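In what follows, a structure is listed as structure tokens, so that the remarks can point back to it.
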Amino acid sequence: MRRSPESGARTAEPALEPLLVELARAGRGGGHVPDADASAVIPARFRRTVPLALPELVEQQVVRHFTHLAQLNYSVDTGFYPLGSCTMKYNPKVNDRAAALAGFADLHPLQPEADTQGALRLIWELERLLAGITGMAEISLQPAAGAHAEFTSLLMFKAFHAGRGEGARRRRIIVPNSAHGTNSSSAALCGYVVTTVPSDPRGNVDLAALRAALGDDVAGMMLTNPNTLGLFEEHLEAVMAAVHGCGGLMYGDGANMNALLGIARPGDLGFDVLHLNLHKTFSTPHGAGGPGAGPVCATPALAPYLPVPRVIRSEEGRFRLDSQRPQSVGRVRAGHGNFGVLVRAYTYIRQLGEEGLRATGEDAVLAANYLLSRLRPTFDVAFDRPCMHELVLTLAAQKSAGASALDVAKALIDEGFHPPTVYFPLSVPEAMMIEPTETEPKETLDAFADALLRIAALVRTDPAAVRAAPLSAPLARLDEVRAARNPALTWERASS
Ligand SMILES: Cc1ncc(COP(=O)(O)O)c(C=O)c1O
Numbered sequence: 000m001r002r003s004p005e006s007g008a009r010t011a012e013p014a015l016e017p018l019l020v021e022l023a024r025a026g027r028g029g030g031h032v033p034d035a036d037a038s039a040v041i042p043a044r045f046r047r048t049v050p051l052a053l054p055e056l057v058e059q060q061v062v063r064h065f066t067h068l069a070q071l072n073y074s075v076d077t078g079f080y081p082l083g084s085c086t087m088k089y090n091p092k093v094n095d096r097a098a099a100l101a102g103f104a105d106l107h108p109l110q111p112e113a114d115t116q117g118a119l120r121l122i123w124e125l126e127r128l129l130a131g132i133t134g135m136a137e138i139s140l141q142p143a144a145g146a147h148a149e150f151t152s153l154l155m156f157k158a159f160h161a162g163r164g165e166g167a168r169r170r171r172i173i174v175p176n177s178a179h180g181t182n183s184s185s186a187a188l189c190g191y192v193v194t195t196v197p198s199d200p201r202g203n204v205d206l207a208a209l210r211a212a213l214g215d216d217v218a219g220m221m222l223t224n225p226n227t228l229g230l231f232e233e234h235l236e237a238v239m240a241a242v243h244g245c246g247g248l249m250y251g252d253g254a255n256m257n258a259l260l261g262i263a264r265p266g267d268l269g270f271d272v273l274h275l276n277l278h279k280t281f282s283t284p285h286g287a288g289g290p291g292a293g294p295v296c297a298t299p300a301l302a303p304y305l306p307v308p309r310v311i312r313s314e315e316g317r318f319r320l321d322s323q324r325p326q327s328v329g330r331v332r333a334g335h336g337n338f339g340v341l342v343r344a345y346t347y348i349r350q351l352g353e354e355g356l357r358a359t360g361e362d363a364v365l366a367a368n369y370l371l372s373r374l375r376p377t378f379d380v381a382f383d384r385p386c387m388h389e390l391v392l393t394l395a396a397q398k399s400a401g402a403s404a405l406d407v408a409k410a411l412i413d414e415g416f417h418p419p420t421v422y423f424p425l426s427v428p429e430a431m432m433i434e435p436t437e438t439e440p441k442e443t444l445d446a447f448a449d450a451l452l453r454i455a456a457l458v459r460t461d462p463a464a465v466r467a468a469p470l471s472a473p474l475a476r477l478d479e480v481r482a483a484r485n486p487a488l489t490w491e492r493a494s495s
């Protein structure tokens, strides 16, 4: 439903909610800031000569505007959100309460160490908790996202090889086609040449292709495990041995750590550097570009290259920042990273404890396999073997019958669900990637499976109806490419 704007302002597209500037009326708002006080303290040369052209509104208009916008949103707090590769689990509100504590929320990143002992301690303890979970020796919490952590880790690879006089020679990074897309982008951005290796018929790295791709010019390999097909790499030892055998380093994309929590530790599996996505596994909402954190975890051999400053604890239990690490790749993020995300992860891990974390991993894998067992009789599975935390269907048969993966995803909106990821991973035709996470009860999983099976039946009898979906959404099919490439971010006043 379109709420009709009261003014004739010009917007490029029909809006679902008028802009604040469209709702504004001259003389209605403002006037609450005691201008005289401000003028007294702000030197004349810094004061505006023309009033700022802010929209004039009363408080409830602003509150209603943002409430309407929030109501248009679908979120993990609204319903099931099985967006594969994003781990859209429900995030307990206690995490937000902890992050909002004044002692954390009001800190300034440049406050002296003496004032910030609690925050530094939290960073230090979180690093140790994550070291225990991953089996890695040292961790930096600085990077702000998974891709940022990948880039940071590859800088560490470069510094490591340069330190051995092999920097100029080791120019290639191996990336399997089942890796997350950011892996090859990060490698390319870091100046490496990317060699892609295919998957074998079970969705593992094709060992023969990997061995053929290796050489003494390889800096390392980036392995997403579980990979983006939702599968655990079955030849991990052989992959490690082959890469290490040619002097390369093994990078673990641990953003899918949700599947392994309390069950397997990447450090024990042989990775040299690993990253985590706190905003997937450790309970900060992920998606829509919100703040994240991508800790980089390293073995003792790679730890000297981690970003600085590092948080150090003295024997007396005081915490301080240490930048005296000559081999470090330097600072990659201002302040202490996205500190609020770190507080949320700390709260989540402390609240669950060891047993709770293991149950999280087990339940995530169980939920995905339960959905797999319900959907397998009707849908083709990309690689038909037990999955980890997510499953990948291929809807090529449905496409031949008249409705593509995109159509089926849109039909799920009319069933009341957020659609899963589609057309990723790229190696699977008409891919649909479903990640239920551990936080949903069986009834939700069943309702979702029932909805997908109903849509599959409709594809067989009336594919045009599926192609017409969604009918219940405020807007039907959007031009997603245009929305991403040419977003309308400015407002122009209508000429009178
Ligand atoms: C496996 C994997 N690796 C890397 C990333 C990139 O993380 P970010 O989006 O925080 O850059 C993601 C994001 O979902 C991911 O799922």
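Counting along the sequence shown from 1, when you hit position 147 you're at 146 in numbering that gives the first Met the number 0, and nothing is skipped either side.
Just so you know, even glycine gets a beta-carbon here, dropped at the ideal spot from N, CA and C.
Here the structure is a predicted model, which is why all the values come from computation and not from measurement.
Could you spell out where the alpha helix (DSSP H) holding residue i opens and where it closes?
| i | result |
| --- | --- |
| residue 457 | 441-460 |
| residue 104 | 101-104 |
| residue 152 | 145-162 |
| residue 75 | Unbroken run through residue 75: none, as it is neither H nor E. |
| residue 363 | 338-374 |
| residue 278 | 277-280 |
| residue 413 | 404-413 |
| residue 248 | From DSSP, residue 248 is part of no alpha helix (DSSP H) but of the beta strand (DSSP E) over 248-252. |
| residue 122 | 116-133 |
| residue 312 | Segment 309-312 is the beta strand (DSSP E) holding residue 312; no alpha helix (DSSP H) there. |
| residue 181 | 180-188 |
| residue 215 | From DSSP, residue 215 is part of no alpha helix (DSSP H); its letter is neither H nor E. |
Tell me whether residue i is buried or exposed, calling it buried when 16 or more other Cβ atoms sit within 10 Å of its Cβ.
| i | result |
| --- | --- |
| residue 3 | Residue placement at residue 3 is poorly supported in this model, since its pLDDT is 45, which falls under 50; the coordinates are not used for a value here. |
| residue 323 | exposed |
| residue 473 | exposed |
| residue 67 | exposed |
| residue 62 | exposed |
| residue 275 | buried |
| residue 110 | exposed |
| residue 471 | exposed |
| residue 90 | buried |
| residue 439 | buried |
| residue 1 | Because the pLDDT of residue 1 is 42, which lies under 50, any placement of that residue in the model is unreliable, and the number read from its coordinates should be weighed accordingly. Exposed: under 16 other Cβ atoms inside 10 Å. |
| residue 441 | exposed |
| residue 410 | buried |
| residue 188 | exposed |
| residue 9 | At residue 9 the pLDDT is 39, less than 50, meaning the model places this residue with poor confidence and gives no usable figure here. |
| residue 65 | exposed |
| residue 477 | exposed |
| residue 59 | exposed |
| residue 122 | buried |
| residue 141 | buried |
| residue 302 | buried |
| residue 45 | exposed |
The beta strand (DSSP E) with residue i in it runs from where to where?
| i | result |
| --- | --- |
| residue 173 | 171-175 |
| residue 67 | Premise fails: residue 67 lies in the alpha helix (DSSP H), 58-71, not in any beta strand (DSSP E). |
Whole-angstrom Cβ separation of residue i and residue j, contact assumed at under 8 Å?
| i | j | result |
| --- | --- | --- |
| residue 244 | residue 172 | About 16 Å separates the two Cβ atoms, so there is no contact after all. |
| residue 212 | residue 238 | Residue 212 to residue 238, Cβ: 12 Å. No contact. |
| residue 57 | residue 28 | 6 Å |
| residue 179 | residue 254 | 7 Å |
| residue 490 | residue 20 | 6 Å |
| residue 429 | residue 394 | 4 Å |
| residue 419 | residue 81 | 5 Å |
| residue 462 | residue 402 | 4 Å |
| residue 222 | residue 252 | 7 Å |
| residue 389 | residue 229 | 4 Å |
| residue 500 | residue 134 | Not covered by the structure: residue 500. The range shown for the chain is 0 to 495. |
Query raised in the report: Taking three-plus beta-carbon pairs below 8 Å as touching, is the stretch 277-285 in contact with the stretch 261-269?
Result: Fewer than three pairs of CB atoms, one per stretch, sit closer than 8 Å, so the stretch 277-285 makes no contact with the stretch 261-269.
Query raised in the report: Is there contact here, the stretch 352-361 with the stretch 256-264, by at least three beta-carbon pairs under 8 Å?
Result: Yes: the two stretches touch, three or more of their Cβ pairs being nearer than 8 Å.
Query raised in the report: Hey, is the stretch 335-349 in contact with the stretch 93-100, meaning 3+ C-beta pairs nearer than 8 Å?
Result: yes
Query raised in the report: Does the stretch 445-460 come within contact of the stretch 405-425, defined as at least 3 CB pairs closer than 8 Å?
Result: Contact annotation: the stretch 445-460 touches the stretch 405-425, with at least three C-beta pairs closer than 8 Å.
Query raised in the report: If we count Cβ pairs, one from each stretch, closer than 8 Å, do we get three or more for the stretch 292-304 versus the stretch 145-155?
Result: In short, these stretches touch, since the Cβ pair count reaches three.
Requested in this report: Pair every Cβ in the stretch 127-147 with every Cβ in the stretch 321-335, then say whether three or more of these pairs are closer than 8 Å.
Outcome: yes
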